[in-house]
Structure formats: C-alpha cells, structure tokens
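Input: a single structure, listed below in structure tokens.
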C-alpha cells in the first residue's frame, strides 16, 4: 500500500451494483467501466510504443555501426591479419592482481576485449576470430543463470584456440558461504557449478595462470583427478572466501615443472601440498607463517627472487649456520611481534637483496643491531628500504642507513608517542638538511654532538608518514640550499619527497604556519623540477594556503 498522502489506497469494487428503476448500471459504475477501457487502450498503446522504441534503438545501433565503419578508413583498407595485430596491441597487458577480491585488473582487461566488438560488424568479426584476445578467461560463479553462462564460457574457450590460458575464477565473498562459515549451495546449483568447473578442468593442459578466488571446497574440486597434467602452469593464486572456516587440503599435481609463482591468500601453507619449491621464483602468503617455515622456504627454493609474508609469526629457531640465498631480490615481512625483526635475520645472508620492507601491526621496538649485522653480512645492493610502525631511535636508524649507501628509495613510518625516544620528523628532517651536501670526499656525513650523521648519498625518493605535529619550515632544507639545486655532484640526489599525514592525525591537526623564507625556498625547489607531494589532498591545499601560493604543489 502506498502513502495515503501521495496516492489513494487501493479500493475493491462491490460485486453487486445498485441499479435504478430502469435496470441500468449506476453512473459511477459506467464511468469506471469507461475509465478501465481507456486504461486498457493506453496499456496497449504503451506496449506498441515499446515495440516501436525497441525497433528504433535497433536501427540506431545498426546505423551507428555503419557510421563507425565509414569513419574507419584505416582498418577497412588493411588486411584482417594486420587489424588483428593492432587489436592485440590495444589490449592492456593482463597483470596478476595480488589484492583481495574482486579481480579488478582482469575485469578491466576483459572489458577492453569486449569493447572492440561493439564498434562495428567488421571489428567484431576480426575480434572474435583473434585467439590472443580470448586466452584471458574470467569466470564469475555468482551469476543468476548458470546454464546460459556456461554456454558463454564454452564459446569463450573455443575462441582462444589452443593458446595457453590465463584463467580467473571469482566468486563474491559470502555468496556461497554464510557468516558462520557454512557452505550454502543448493544441490541443483552444485550440479551446474560442477559442469562449469569440469569445462575449465578439461583445459588443464593449457593452463598458464590459474587464479581461484572461491571457497576452499570449490578449489579442491579443480585439482582432483585432472584429465591432463597442467605442465604449462606458471602462476597459481589461491584465495579462500572471507567467511570460509572449513578445513581441508588441496594436493597439487606432481608434474608441474613450469610453476614459478605461488600466491596464497587466506590459505595456510601446510594445507597446500606438493609445491615443487625448486622452481619457484615468486611466493606470497597472507596467513600465519612462522619464521622457521620462512627459513625452510628459502632453503627449499634456491631460485626464489621475491618473497612476501603478510603475517609472519615468531617461532623457535635453533642456533644454526647462516643460510646463504644467492637469488632473493625482494623480501617483505609483516608481523605482529618483535622477534621477526631480530632472530630471523641472524640466520640469513642475502647478497642479491634489492628491496627490504618491514612492517609491524603493533608499535614495537626491534633490535636494530641485528638488522645491521645482517646487512653488513649480506653486503647487498639494497635500493628500496621500508620500515613501518616500528619504534626506532635516530641513532638506530642512522646506524642502519649507513650500512646501505646504495639506497635510492626510503619509506619511513615510525611509530612514536610523546613519552618515548623514537625518532621524530623534526629530528630526521633536520638531519637530512644538515647532510644534504657532501663536504669534499667525506662520505660519512657530519659530526654533531659526537654523533656521526647519516648521509644517504644516493637517495632519490623519500616517503615519510607522520602522526604528530612538526614544523614545515624543516621541509624545504631537506632538498638542500637553493644554490645547490643545479647539477652539483656533492648534493644528495633527492628528487621527490612524499609526505603522508596519518588518517587519525589529519582530521585533528591544522596545517602549521610556514615562514616566507621557507615558502620561497620550497617554491624554488619545485621550479627546479624537484617534487613534493602531500597526502591527503585537503592537507596539501592547506599547506598551499599557508605558503600563500595556491596551486604551487600541483595535483598529487
């Protein structure tokens, strides 16, 4: 029932009409009958108009295709093979998306492929006959009509010819799994899903990338008794449903010599069996993984180049010889405890390491000297270093950074309260300003109060996230004196400074005043091609107002 103020409530007509002496219907009944006849005619006219409108839209679509074909003299004059090659160049490269669901890059890549077919018949014919446009297959299980969708996927697979397949199977979180972790899937739906999974399994000999973002029970069905060994599989990504609490194991086929990359999201490593570590060069895991397991992975995967552990946990490590891994270039560790930054590095030597990122979910101190010992022992060409939410003093940070003179990009987000001795933005920026220009051949830095200051002789980009007030007058000198902005070989080659104001801090912290001298200094740095980005945008605009130079920081 609608609102009685907006529309009248529905009324029911009495079955017996009170008739007058002449036996005719009453006036209201005659008026109602006439009105109903008009309504019926209007409804019929509306249906006819909808048919006419649909026909007009179809004609418009056909004419638009004709217009597009006439306005495309290039493809009309080129052989279909050349046009097909142009289409392949247009399609964006499909990159593996390591973020949680949904698989947005795959969705965008598939959308680009279908866009080609909407231009005109000629484009559609060439696009549908180009197998390289259809070897990326995106399967969404949460569809309303699985029968029709299965036919669609079957044709998609046929269009790919015999090319290696990049397959992404995606199911929206909670669609088949309740908040209690139970799988809610009717039997009829399970049968249809089984046929769809079977269709993909039949192509296992062509798998190149397999990205399964489905409940665990669905994942197991993909690998059970495969009709053909996935010998061409290079990348495997498994992501369980957010609500999926069921156990279970998935056993990988024994003969997958091409497997190079394994990404596990919400999967415990011990539940994925028979990974052939000897060929793996890229590994990521977001579930709990002990430091002992991390060491074992490095020991069993001698060719590993990238390792990212998002929930590393401390586990007992016996005193042992140092493991030397000659190929690892990227190591990212996120943990909740202190020891992951301590004892773990006592067991490692990574001479090829170029990127090291350490992040703690809780603000804890860690033994910087152990990290220094690891860096000295490794003597690695480290270029990118990140330390997030760790409590660290200026002396400790200086000690670490002095051991990596090759550093070109630094991410700092130290955790600090007013009562501890952790590094503050004022301390660090003042130190950078005092060491912005090297004096003679002294690569060690300056001596202040008996303390040797860091130099960062090759630093080009600095990202700093802070959660406490500091003076913006300290920012411009970080780039060095104005007179040294030209090609001075003694100046630190810092080109970009990115300042991130913490979300809990930006809402309650007003932009501090900045002196005219500092504003002039900063404007000169920007005019010289140096870069300052401030996040969020609202804070950046406030800084521009404080400098009395609206727009000087550009678009961040």
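Numbering (the numbering used here), first residue to last: 1 to 556.
C-beta: ideal position from N, C-alpha, C; glycine also.
- A Cβ-Cβ distance of about 11 Å is found for the pair residue 168 and residue 214, leaving them out of contact under the 8 Å criterion.
- Counting only runs of 4 or more residues that sit fully inside the stretch 386-411, the alpha helix (DSSP H) segments are 394-402, in chain order.
- Remark: three or more beta-carbon pairs, one from each stretch, lie closer than 8 Å, so the stretch 322-330 and the stretch 290-310 are flagged as touching.
- The DSSP assignment places 146-159, 187-201 as complete runs of the alpha helix (DSSP H) inside the stretch 134-205, in order along the chain (cut-off: 4 residues).
- Positions of the beta strand (DSSP E) runs, each at least 3 residues long and wholly inside the stretch 244-290, are given as 261-265, 282-285 in order along the chain.
- Here residue 255 is exposed, its C-beta having fewer than 16 other C-beta atoms within 10 Å.
- Around the beta carbon of residue 30, fewer than 16 other beta carbons sit within 10 angstroms, so the residue counts as exposed.
- Exposure of residue 104 is indicated by the presence of fewer than 16 other C-beta atoms within 10 angstroms of its C-beta.
- In the three-state scheme derived from DSSP, where H, G and I count as helix and E and B as strand, residue 438 is classed as coil.
- When 470, 108, 478 are compared, the shortest CA-CA separation from residue 459 is found for 478.
- Here residue 491 is near residue 436, since their CB atoms are less than 8 Å apart.
- Residue 432 and residue 260 have their C-alpha atoms some 41 Å from each other.
- Between residue 272 and residue 252, the C-beta gap is smaller than 8 Å, which places the two residues in contact.
- According to DSSP, residue pairing for residue 207 in a beta bridge involves 165.
- The beta carbons of residue 379 and residue 358 sit no closer together than 8 Å.
- Look at residue 86 here: in three-state DSSP terms it is helix.
- For residue 515, the CB contacts under 8 Å within the same chain, skipping 5 residues up- and downstream, are 473 in chain order.
- Counted as a single uninterrupted DSSP element, the beta strand (DSSP E) harbouring residue 533 occupies residues 531-535.
- In the three-state scheme derived from DSSP, where H, G and I count as helix and E and B as strand, residue 310 is classed as strand.
- Note that the C-beta distance between residue 322 and residue 348 is below 8 Å.
- As far as DSSP is concerned, residue 347 takes part in no beta bridge.
- In the structure shown, residue 496 falls within a strand segment according to DSSP collapsed to helix, strand and coil.
- Taking 8 Å as the cut-off, the Cβ atoms of residue 244 and residue 201 do not count as close.
- Within the same chain, no residue comes within 7 Å of residue 151 by CB-CB distance, once the 5 residues on both sides are set aside.
- Annotation: the continuous beta strand (DSSP E) that includes residue 335 extends over 330-335.
- It is roughly 33 Å from the alpha-carbon of residue 121 to the alpha-carbon of residue 171.
- Its Cα nearest to that of residue 153, the residue 134 stands out among 163, 134, 54.
- The C-alpha of residue 403 lies about 20 Å from the C-alpha of residue 413.
- Our two residues, residue 87 and residue 58, have alpha carbons roughly 26 Å apart in a direct line.
- Residue 102 and residue 149 have their C-alpha atoms roughly 19 Å apart.
- Residue range 235-239 is occupied by the beta strand (DSSP E) that includes residue 237.
- Around the Cβ of residue 538, a 10 Å sphere holds fewer than 16 other Cβ atoms; the residue is exposed.
- Listed in chain order, the non-local C-beta contacts of residue 41 below 6 Å within the same chain number zero, local neighbours out to five positions each way being set aside.
- Annotated as proximal: residue 136 and residue 106, with beta-carbon spacing under 8 Å.
- DSSP, read as helix, strand or coil, puts residue 95 in coil.
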